[in-house]
Each structure stands twice: as structure tokens, then as C-alpha cells.
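Asker:
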């Protein structure tokens, strides 16, 4: 079940694009944006990452880091970031613990075939560590700007 507004954000272990360990706890005490996307270097995921990168300075002015999470290996995330000049933090959740904890690992259907995958979702976490806002089943166009506006309201 996907986390909802008011829930505590779980502290999950991840790897960054360099392969270094980190947890979401590093952002405790300040707001943060955590977005989940299905697969690096696919059209929707690329556009979403580019949109968050374009607004990166605005998020930084607010003191709101942005973390994109997928199940891709760190090496693939690094290649993805380098290819498109992405400046958001990309994190690998290969084991799927973060996806499970946030409730983004769901059954999907494509051409009648059911499979498990990441539901594109975004969570705005308040400085208190609680979910301030959730965007499930994200449509990419204009999404990063919507998240920025919500972050300004914190």
C-alpha cells in the first residue's frame, strides 16, 4: 500500500550513482522530494529527470533536495546522469526495499500481460520526516513544476 500524506517517511538504504551507500535519513530535518521512476534512459523517465534538473536551482534555493529512485544498477544511473547532464541525485534500489516501503512496487498491466513494476510516484517529505504530499501515477509533463509549487508552500 502506498504511503499517504501524514505517514512517516521510511529511512531506506540506497546506493547513489557512484555506488556509495546512503539513506534518506541524511535529509532529516529539512524537506525533500523523493520520486520513483520505472527505468533510467527511457523517454518518460528521461523527461522527468530533465525537468527536475531544470528546476534544480529553484529547489536548491528552497533547501529541498531531489532524489530519483529506480531499481537500476548504480553504473546505469551514472551513465544516465552523464548522458543528459542530470544534477538530481539518482539512487539505486536494486533490492526493492525502498519501493516496498513507499508502496510504489505494484502490479502493472501491458497488452494484457500482468507484471510487477515501479509506479511513477512522487513524495514531498516535510522537515519533520512526514509525507507532506503524494503524487501517485504521475504524468510527467508539468509534474516537476507542480512539485516545486508544493515545496514552496511548506
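Residue numbers (the UniProt record's numbering): 1 to 154.
A virtual CB, placed ideally from N, CA and C, is assigned to each residue, including glycine.
Because the structure is a prediction, the values reported are computed rather than measured.
#1: Is DSSP giving residue 133 helix, strand or coil here?
#2: Please work out which residues of its chain come closer than 6 Å, Cβ to Cβ, to residue 87, disregarding the five sequence neighbours upstream and downstream, and give them in chain order.
#3: Do you know how far the Cα of residue 61 is from the Cα of residue 75?
#4: Roughly how many angstroms separate the alpha carbons of residue 24 and residue 12, rounded to a whole number?
#5: Looking at residue 42 and residue 84, is the spacing between their C-beta atoms short of 8 Å?
#6: Leaving aside the five residues before and after residue 148 along the sequence, list all residues of the same chain whose C-beta is less than 6 Å from its C-beta, in chain order.
Answerer: Per the coordinate set shown:
#1: strand
#2: 53 and 56
#3: 29 Å
#4: 6 Å
#5: no
#6: 55 and 58
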